[in-house]
Amino acid sequence: MTSAIDKHLGVHAQALNLRSQRTELLAANLANADTPGYRARDIDFKSALAQASGNAKHGVQLQTTNAAHIGPKQVNGAPAPELKYRTPLAPSLDGNTVDAQLEQAAFAENTVRYQATLQFLNSKFRGLMTAITGGQ
């Protein structure tokens, strides 16, 4: 059940959470740039956001027959986005697929988009506070 505040914020709160998760993945990729055999991972943001907002076209769903069975992966109570492996442009001899320049560019873009989403949410909350306090 969604609350009125969730409806007011729309998809932006979920987008902020996904951007945060993507930041962690990209940072892990950069941290493991010299680790032999490390495979760079990322999130398909568009499909992950559609899944988080409930607009995704669901394929195979995991169903449990007992409460003790392992359920689908969750992050902060929401379904975890599907992690995808990056296809390297120039694979290294040691099996590492991290391209530091590509990862840094993706990290910078994700950071800018995270800040934009944060500013948008901030303006939404400011509008709510103005409505509550009457602009005082």
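Residues in the sequence shown are numbered from 3 upward in steps of one, following the working numbering.
We put the CB at the ideal spot given by N, CA and C, even for glycine.
Predicted model only: the values in this text are computed from it and were never measured.
Do residue i and residue j have their C-beta atoms within less than 8 angstroms of each other?
i           : j          : result
residue 116 : residue 21 : yes
residue 124 : residue 37 : no
residue 14  : residue 89 : no
Comparing alpha-carbon positions, which option in the options lies nearest residue i?
i          : options         : result
residue 95 : 39, 133, 32, 25 : 39
residue 28 : 103, 135, 123   : 103
residue 56 : 92, 17, 34, 68  : 17
residue 12 : 134, 126, 110   : 126
residue 30 : 54, 93, 109     : 109
Please return the same chain residues whose Cβ sits closer than 8 angstroms to the Cβ of residue i, not counting the five positions on each side in sequence.
i          : result
residue 5  : none
residue 67 : none
Mapping the DSSP letters down to three states, classify residue i as helix, strand or coil.
i           : result
residue 24  : helix
residue 87  : strand
residue 41  : coil
residue 19  : helix
residue 12  : coil
residue 129 : helix
residue 120 : helix
residue 33  : helix
residue 135 : helix
residue 68  : coil
Considering only residues of the same chain and omitting the five flanking positions on each side of residue i, which have a CB-CB separation below 6 angstroms?
i          : result
residue 50 : 20, 83
residue 45 : 24, 83
residue 35 : 100, 102
Report the CB separation of residue i from residue j in whole angstroms; it is logged as a contact under 8 angstroms.
i           : j          : result
residue 121 : residue 32 : No, residue 121 and residue 32 are not in contact; Cβ-Cβ is about 25 angstroms, not under 8 angstroms.
residue 87  : residue 41 : 5 angstroms
residue 101 : residue 91 : 6 angstroms
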